[in-house]
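Step one of this worksheet: look at the structure below.
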Amino acid sequence: MKTMSRKLNLVELRSLIRRNQFTQSTSGFAPGHTQVNLVILPKAYAYDFLLFCQRNPKSCPLIEVTDIGSPVPKLTTPHADLRFDLPKYRIYKKGILAEEVHDIEAYWQEDLVSFLIGCSFTFEQALIDNGLSIRHIEEDRNVPMYITNIPCEPAGAFQGNLVVSMRPFLAADAIRAVEVTSRFPSVHGSPVHIGNPEQIGIHNLSQPDFGDTVTLKDGEIPVFWACGVTPQSVAMSSKPDLMITHAPGHMLITDVKDSHYSIL
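Numbered according to our numbering, the sequence shown spans residues 6 to 269.
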């Protein structure tokens, strides 16, 4: 589809998403509003996943957990409906990606519990405000994401490896990026790795596991942040009967302002 203007206001953007007329990555859209990852599981798996998030706060910082059977995130976006208000969803069945859809009405069950997880898109505006360029926004692409060799702390039915998102910077800018993102611990915070990707099991930056490749210019180094796509790697490893997630980069945009999650 045709790329949408990032000048859309939040009301316009939500209306387009609800009507399936906006299906691209939400990075760079609705600046100032917190974006979140989504995981939806049957109640039978909910406690184990809650424990998994508690044990892995860097990759799965919890923003909100819904009531059982409710598609409404009452605390962050009370007028939203999680069945319709993300641009794209993924359906995992026993660890296999079964389908990618634009709404999940056909999959909704009365025993489902939804988890909203912090997203690194939240601190991108802060990086921009500090004079740092975000390559995937410049190139109108989704952020590149990679499955690492770093194991998450297992919990109950859930285990798997950390997923990271990558943004390239010159060395001096990478230091500033660490300083800026450290102010946002509720949305992944500071990077988990800087430099040599092979040290964390990434052998080819041009082949991300999720998202799109971006240009790495001369003198730049890759900077990696823990990513809320980690549960999708965990789904493939742990094979729950059903896990519904956002499609990588296609987030829920909440009513909450980014500044709410800054500690400074």
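Here a beta-carbon is modelled for each residue, glycine too, at the ideal position from N, C-alpha and C.
- In terms of Cβ geometry, valine 169 and phenylalanine 120 do not form a close pair [threshold 8 Å].
- In the three-state scheme derived from DSSP, where H, G and I count as helix and E and B as strand, leucine 167 is classed as strand.
- Annotation note: the region 36-91 contains the following uninterrupted alpha helix (DSSP H) runs of length 4 or greater, listed N- to C-terminal: 48-60.
- Rounded to whole angstroms, the separation of the alpha carbons of proline 245 and phenylalanine 174 is 37 Å.
- About 35 Å separates the Cβ atoms of serine 264 and glutamine 164, ruling out a contact at the 8 Å cut-off.
- By the neighbour-count criterion, in which a residue is buried when 16 or more other Cβ atoms sit within 10 angstroms of its Cβ, aspartate 178 is buried.
- When the Cα atoms are used, serine 238 and asparagine 14 turn out to be separated by approximately 33 Å.
- For alanine 162, no alpha helix (DSSP H) segment is defined, and its DSSP state is neither H nor E.
- Considered as a whole, the region 184-247 harbours 235-243 as its complete alpha helix (DSSP H) runs of no fewer than 4 residues, in chain order.
- DSSP places valine 118 inside the beta strand (DSSP E), whose first and last residues are 117-123.
- Inter-segment contact for the region 143-161 and the region 200-213 is present: three or more beta-carbon pairs are separated by less than 8 Å.
- In this structure, isoleucine 249 lies away from isoleucine 142, with their beta-carbon atoms at least 8 Å apart.
- A contact between stretches requires three or more CB pairs, one per stretch, nearer than 8 Å, and the region 116-134 meets this requirement with the region 185-199.
- Contact between arginine 172 and valine 228 holds, with the beta-carbon distance rounding to 5 Å and staying under 8 Å.
- Secondary structure of isoleucine 139 (DSSP, three-state): coil.
- Contact holds between the region 134-150 and the region 213-221, because three or more Cβ pairs, one in each stretch, are under 8 Å apart.
- Within the model, the alpha-carbon separation for phenylalanine 89 versus glycine 224 is close to 42 Å.
- Check the Cα spacing between isoleucine 122 and each of Pro62, Met150 and His107: the tightest is with Pro62.
- Across the set Glu184, Ile96 and Ala49, the C-alpha of Ala49 shows the shortest separation from the C-alpha of glycine 74.
- Nearest to aspartate 260 by alpha-carbon distance, out of Val197, Met241 and Asp86, is Asp86.
- When the beta-carbon positions are compared, arginine 181 and asparagine 135 come within less than 8 Å of each other.
- Secondary structure of valine 16 (DSSP, three-state): helix.
- Distances from the CA of isoleucine 139 to each of Ser32, Phe27 and Ala162 were compared; the closest alpha carbon is that of Ser32.
- Within the same chain, and ignoring the five residues on either side of serine 211 in sequence, the residues whose Cβ sits closer than 8 Å to its Cβ are Thr218.
- Between the alpha carbons of serine 64 and histidine 84 lies a distance of about 27 Å.
- For the set Ala231, Pro66, Arg95 and His208, the Cα lying nearest the Cα of valine 197 is the one of Ala231.
- Each residue's CA atom was taken as its position, placing alanine 176 and aspartate 53 some 40 Å apart.
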